[in-house]
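Asker:
There are 2 protein chains.
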Amino acid sequence: MRISGAGEVDALRSFVGVFEGCEELLVGPGEDDCAVMELGDDLLVQSSDMFLDGVHFPEEATPRQVGWHAAAASVADVASMGARPLGLTLSIAVPAERDLGLLGGVAKGANEAMRRAGGCVSGGDLSRGELCVDCGVVGTVSGDGPILRGGAVEGDAVCVTGTLGGAAAGEAVLVEGLDIPSRRDAVGRLLEPPLRVDEGLRLAGSATAATDLSDGLFRGMEVISERSGVGLTVDPERVPLHPSAVEAVEAGRDVEGLVDGGGDYELLFTAPPGEAERLGFPVIGWVGGDDVRLGGSRDLGGYDAFR
Amino acid sequence: MRISGAGEVDALRSFVGVFEGCEELLVGPGEDDCAVMELGDDLLVQSSDMFLDGVHFPEEATPRQVGWHAAAASVADVASMGARPLGLTLSIAVPAERDLGLLGGVAKGANEAMRRAGGCVSGGDLSRGELCVDCGVVGTVSGDGPILRGGAVEGDAVCVTGTLGGAAAGEAVLVEGLDIPSRRDAVGRLLEPPLRVDEGLRLAGSATAATDLSDGLFRGMEVISERSGVGLTVDPERVPLHPSAVEAVEAGRDVEGLVDGGGDYELLFTAPPGEAERLGFPVIGWVGGDDVRLGGSRDLGGYDAFR
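Residue numbers (our numbering), protein chains in the order written: chain D, 85 to 391; chain E, 85 to 391.
#1: Please list, in chain order, all residues of the same chain as Asp-296 of chain D whose beta carbon is under 7 Å from its beta carbon, the five residues on each side excluded.
#2: Report yes or no: is there a C-beta of chain D within less than 8 Å of the C-beta of Ala-291 of chain E?
#3: Could you have a look at Gly-91 of chain D and say whether DSSP puts it in helix, strand or coil?
#4: Tell me which same chain residues have a C-beta within less than 6 Å of the C-beta of Arg-280 of chain E, skipping the five on either side of it?
#5: So, are the CB atoms of Val-371 of chain E and Val-237 of chain E less than 8 Å apart?
#6: List the DSSP bridge partners of Val-134 of chain D.
#7: Consult DSSP for Val-100 of chain E and reduce its assignment to one of helix, strand or coil.
#8: In chain D, what lies closer than 8 Å to Asp-133 of chain E by C-beta?
#9: Of the residues that make up the region 108-132 of chain D, which ones have a beta carbon closer than 8 Å to any beta carbon in chain E?
#10: Residues of chain E with CB under 7 Å from Ser-88 of chain D, in chain order?
#11: State the DSSP-derived secondary structure class of Asp-299 of chain E, mapped to helix, strand or coil.
#12: Taking its Cβ as the centre, do 16 or more other Cβ atoms sit within 10 Å of Asp-38 of chain E, making it buried, or is it exposed?
#13: Does DSSP put Leu-248 of chain E in a helix, a strand or coil?
#14: Of the choices D:Gly-261, D:Val-257, D:Asp-282, D:Val-343, whose alpha-carbon is the least far from that of Ala-270 of chain D?
#15: Count the other CB atoms, across all protein chains shown, that sit within 10 Å of the CB of Met-121 of chain D; report buried if there are 16 or more and exposed otherwise.
#16: My guess is that Pro-169 of chain D and Gly-202 of chain D are in contact by the Cβ rule of under 8 Å, so how many angstroms apart are they, rounded?
#17: Verify the CB distance criterion: does Ala-389 of chain D have a CB-CB separation below 8 Å to chain E?
#18: Does the beta-carbon of Gly-166 of chain D have 16 or more other beta-carbons within 10 angstroms, so that it is buried, or is it exposed?
#19: Provide the residue span of the beta strand (DSSP E) that contains Asp-209 of chain D, from first to last.
#20: Take every Cβ of the region 300-309 of chain E, pair it with every Cβ of the region 183-192 of chain E, and state whether three or more of those distances are shorter than 8 Å.
#21: Could you tell me which of E:Gly-249, E:Arg-322, E:Ala-294, E:Gly-336 sits nearest to Gly-284 of chain E, measuring between CA atoms?
#22: Can you check which of these residues, D:Gly-188, D:Val-339, D:Gly-289, D:Ser-211, is closest to Phe-141 of chain E by C-alpha distance?
#23: In chain order, what residues of the same chain lie with their CB nearer than 7 Å to the CB of Val-190 of chain E, ignoring the 5 residues before and after it?
#24: So Val-139 of chain E contacts chain D; which residues on that side make the cut at Cβ distance below 7 Å?
#25: Measuring alpha carbon to alpha carbon, tell me which of E:Ser-131, E:Arg-199, E:Glu-260, E:Gly-188 ends up nearest Val-221 of chain E.
#26: Taking 8 Å as the cut-off, decide whether the C-beta atoms of Asn-195 of chain E and Glu-115 of chain D are in contact.
#27: Specify the secondary structure class of Met-121 of chain E as computed by DSSP and reduced to three states.
#28: Sort D:Gly-213, D:Ser-158, D:Val-339 by Cα distance to Val-139 of chain E and report the nearest one.
#29: Is the CB of Ala-332 of chain E under 8 Å away from at least one CB in chain D?
#30: Taking 8 Å as the CB-CB cut-off, is Ala-95 of chain E touching chain D?
#31: Quick one: list the residues of chain D neighbouring Ala-191 of chain E, beta-carbon separation under 7 Å, in chain order.
#32: Spatial neighbours of Val-339 of chain D within its chain, please: C-beta separation below 7 Å, excluding the five flanking residues on both sides.
#33: Could you tell me which of D:Leu-342, D:Thr-292, D:Leu-174 sits nearest to Ala-155 of chain D, measuring between CA atoms?
#34: Quick check: what's the CA-CA separation for Glu-276 of chain D versus Lys-192 of chain E?
#35: Quick check on DSSP: helix, strand or coil for Gly-372 of chain D?
#36: Give the list of continuous beta strand (DSSP E) stretches no shorter than 3 residues that lie fully inside the region 280-349 of chain D.
And the structure:
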């Protein structure tokens, strides 16, 4: 079977299904946002994210934004485990005809994101080729972590650490020419996603499940639902919208499409209602039932593993 | 300046020079085979290696060999620190028109190498694009490690953990049609490099400096020399040759070119003469003087950072 004809399940099965694990590996490939490994009395998390020109980088992205975005995506995986990023390796392939400043710009963006996240770039690799950036990250788990995807229980509240829809509004500005007053902010939200490390650390010990919203709200709900064996329902009207998303809605865009557009990199988590209130993040839904519902009527399935 | 016109120093400076480090980072980007980070009472090592179709993979390589080779290169970085590989992330981009078996094959090869090395594949990422494989590795340091590149002192012996020249012979078979009796072994040595984890662990506490020979003997000597601030001299006649390299020499190939061809992934290390004898690995040279000499006459400089 060609890869172009393979669905998410086939592709993942033929890849993730192969890995055998080892004694120290507590949470393995495909199970959560990061792997979890035992190291003496400590727990480590590890993850990687690859970005390719023409697939992941809009041409409007500056080199610095490419580096920030790649590092931030890895930081998000660590943050959603309630862990702290430690070291990031930055591997990059660059076309020979590009300016040397591209390398330095990507490095600067990744450096800035990692410093802001409380860790640092620890190493990397340089190659010549089609532009490709891969970040490998390792992080440390606090005493209360890690937060896995599989702990949500019936009656929990569903919460989010910030506003959604800004990245989708930014994508609409770039790709479809959506004309909204805050178009620059929207594009900034898309190209320079936020870091939610402190928020993730606050959740550790309180949240029952968490994941980062790199691939949209519905996908985030789905992975928590699958791992926890419970349904989740989110009311789109209760989802806090990014100001650019509000403008996009006023310009006729669909709320559900915006909050599900992906790229917001906020954390979606579940917690007992009392804990959710104490944490102070917006409650947008509840855990219960058998299925995953965004607005109660729409099935947003059919996602692409290769996204 | 275009990347095509930039030399190793320019490219590395514009990349590695940017990274600021953090409190836990003891050995940072560009300083050694791996970064070294403090985690409570433990030390971690971290590294990454990127491989691209048309640059690093001969078309004769099977998917399994591509996966093995990518993982083995990361394992070599960890082994040369006297550390033990723990988790490996395998990020891969694959063209949509390739067979799904490519994914599974690469995964199998990486899984096999990591299991053999005492660790495991912990995660990864899938994308569509030109074939690109990046491995991020994290490893743990024993009480006696890590072995850095900078500890070689005048009077040390220079040693190697195994035979050299086999990978270069394999490359000559594939690229130039070199006809030697052991051509299949030679190609195998090129496409499935050995894992020297146990050897690296044995060296910890005894070796004063070490690096892996991914980029050839002279480059290995050079990085130890640069970091240690001493010269190294190696006698090519004392370098143990892979059987295929012996055949290549008999077929008219140059010994120095073979041992310097790269891809052997043995460990090059320095140790006090008594320790070197005790460890039982072949002594091929000595530490002293101001320069790096292979055979005493040949300058093999001008290496490519993008290799």
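Virtual Cβ for every residue (Gly too), placed ideally from N, Cα, C. Source: prediction; values computed, not measured.
Answerer: Considering the structure as presented:
#1: So the list reads Asp-117, Ala-160, Asp-161, Ala-163, Ser-164, Tyr-349, Leu-351, once near-sequence residues are dropped.
#2: For Ala-291 of chain E, the answer is no, since every Cβ of chain D falls outside 8 Å of its Cβ.
#3: coil
#4: Ala-163, Thr-245, Leu-351
#5: yes
#6: At residue 134 of chain D the sequence reads Met, which differs from the Val that was named. DSSP output for Met-134 of chain D lists D:Asp-218 as bridge partner(s).
#7: helix
#8: For the C-beta of Asp-133 of chain E, the chain D residues within less than 8 Å are, from N- to C-terminus, Ser-175, Asp-209.
#9: Residues passing the 8 Å Cβ filter: Glu-108, Leu-109, Gly-112, Pro-113, Gly-114, Cys-118, Ala-119, Met-121, Leu-123, Gly-124, Asp-125, Asp-126, Leu-128, Gln-130, Ser-131, Ser-132.
#10: Ala-180, Glu-181
#11: coil
#12: Summary: the structure shown does not reach residue 38 of chain E, with chain E confined to residues 85 through 391, and so no result is reported for it.
#13: strand
#14: Per the C-alpha coordinates, the member of D:Gly-261, D:Val-257, D:Asp-282, D:Val-343 positioned closest to Ala-270 of chain D is D:Val-257.
#15: With 16 or more other Cβ atoms within 10 Å, it is buried.
#16: That belief holds up - the Cβ atoms of Pro-169 of chain D and Gly-202 of chain D are roughly 6 Å apart, short of 8 Å.
#17: Below a pLDDT of 50, predicted positions are generally treated as unreliable, and Ala-389 of chain D, at 32, falls in that range; the measurement from the model is reported next regardless. So, interface residue.
#18: So Gly-166 of chain D counts as buried.
#19: According to the DSSP assignment, Asp-209 of chain D belongs to the beta strand (DSSP E) that extends over 204-212.
#20: no
#21: E:Ala-294
#22: Nearest to Phe-141 of chain E by alpha-carbon distance, out of D:Gly-188, D:Val-339, D:Gly-289, D:Ser-211, is D:Ser-211.
#23: Pro-147, Val-150, Gly-151, Ile-176, Val-217
#24: Ser-211, Arg-212, Gly-213
#25: E:Ser-131
#26: Taking 8 Å as the Cβ cut-off, Asn-195 of chain E and Glu-115 of chain D do not qualify as a contacting pair.
#27: strand
#28: Cα-wise, what sits closest to Val-139 of chain E is D:Gly-213.
#29: no
#30: yes
#31: Phe-99, Val-102, Phe-103
#32: Closer than 7 Å at Cβ, skipping near neighbours: Pro-320, Val-333.
#33: D:Leu-174
#34: 35 Å
#35: coil
#36: 293-296, 316-318
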